[in-house]
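Asker: Residue numbers (the UniProt record's numbering): 1 to 146.
1. Tell me where the beta strand (DSSP E) around residue 96 begins and ends.
2. Taking the DSSP output, what are the residues bridged to residue 129?
3. If you compare alpha carbons, which of 50, 73, 138, 142 is closest to residue 16?
4. Given this structure, state the Cα-to-Cα distance separating residue 18 from residue 80, to the nearest angstrom.
5. Where residue 86 and residue 11 are concerned, what is the direct C-alpha to C-alpha distance, given to the nearest angstrom?
6. Quick one: what does DSSP say residue 47 is sitting in, helix, strand or coil?
7. Tell me whether residue 52 sits in a helix, a strand or coil according to DSSP, three-state version.
8. Skipping 5 residues on each side, what residues in its chain have a beta carbon closer than 7 Å to that of residue 47?
9. Classify residue 119 as helix, strand or coil using the three-state DSSP reduction.
10. Return the Cβ separation of residue 36 and residue 120 in integer angstroms, given the expectation that the two are a contact with Cβ distance under 8 Å.
11. Could you check what DSSP says for residue 72 in three-state terms: helix, strand or coil?
12. State the Cα-Cα distance for the pair residue 123 and residue 113, rounded to the nearest angstrom.
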């Protein structure tokens, strides 16, 4: 029987700005990707794996896949809660799942992104094995045994 992948998470909040809404007064669907980014950046700062941390080690992590499922609308002025969940994988990639809730704690959107490691100092080559700093981070946060 396969064991469930280990996960760690972080929760943050965002207030819906007027510019993020469409003529119907609801958040335009494309802005949920930006909310995922907000959640990922907050996750990274909280858990010590931010884009700046990655850059310090000479890496970038471009997104190669993103998915969203919309369940309810958010409106201008709403305060949304973004739950960002890192899903551990043995591959050289970062998988994040997202759950966005409205002020009534109703699920409004779910999603997932997948990022890979490229050496931005070189020619932006794809890494097929996890970089050492990433493996060290996983050990630090309890995703890998020492």
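All C-beta atoms in this analysis are idealised placements derived from N, C-alpha and C, irrespective of residue type, glycine included. On a predicted model such as this, the values are computed, not experimentally measured, just so you know.
Answerer: This is what the structure gives:
1. 93 to 101
2. The partner list for residue 129 (beta bridge, DSSP) is empty, contrary to what the question assumes.
3. 73
4. 14 Å
5. 12 Å
6. helix
7. helix
8. 8, 10, 141
9. strand
10. 22 Å between Cβ atoms; not a contact.
11. coil
12. 24 Å
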